[in-house]
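Chemist: In the numbering used here, the protein residues as written are 5 to 90. Every residue, glycine too, gets a C-beta built ideally from N, C-alpha and C. Every value quoted in this text rests on a predicted model; they were computed, and no experiment measured them. Below are the structure tokens for one structure; questions will follow.
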């Protein structure tokens, strides 16, 4: 079975090699990846709740800012590395 034939999880979308301790990330196996990439008018409470107890939360947000990521990282929403919502 190829990656395209199975449902993607966040582990498939996020660059694992860049995040020390990624194996401990609270979101790692989450198949609800749309919740991590909300439209500007959508709420991101689901992702924020998962992030709240994550042991790599600060590093995740720093990674997003440093590498120009978009979506919810470290409990905050980013657009190309710029913090848009807390």
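Quick check on residue 72: buried or exposed, where buried means 16 or more other Cβ atoms within 10 Å of its Cβ?
Modeler: The residue in question, residue 72, is exposed, as its Cβ has fewer than 16 Cβ neighbours within 10 Å.
Chemist: How many angstroms separate the CA atom of residue 82 from the CA atom of residue 65?
Modeler: Answer to the nearest angstrom: the Cα atoms are 9 angstroms apart.
Chemist: Taking residue 89 as part of the alpha helix (DSSP H), name the residues at either end of that continuous run.
Modeler: Element bounds for residue 89: not the alpha helix (DSSP H) but the beta strand (DSSP E), 86-89.
Chemist: Let me check understanding here. Comparing Cα to Cα, which of 70, 80, 68 lies closest to residue 54?
Modeler: Nearest option by C-alpha distance: 80.
Chemist: For residue 88, which residues in the same chain have their Cβ closer than 6 angstroms to its Cβ, ignoring the five residues on either side in sequence?
Modeler: Correct list, in chain order: 81.
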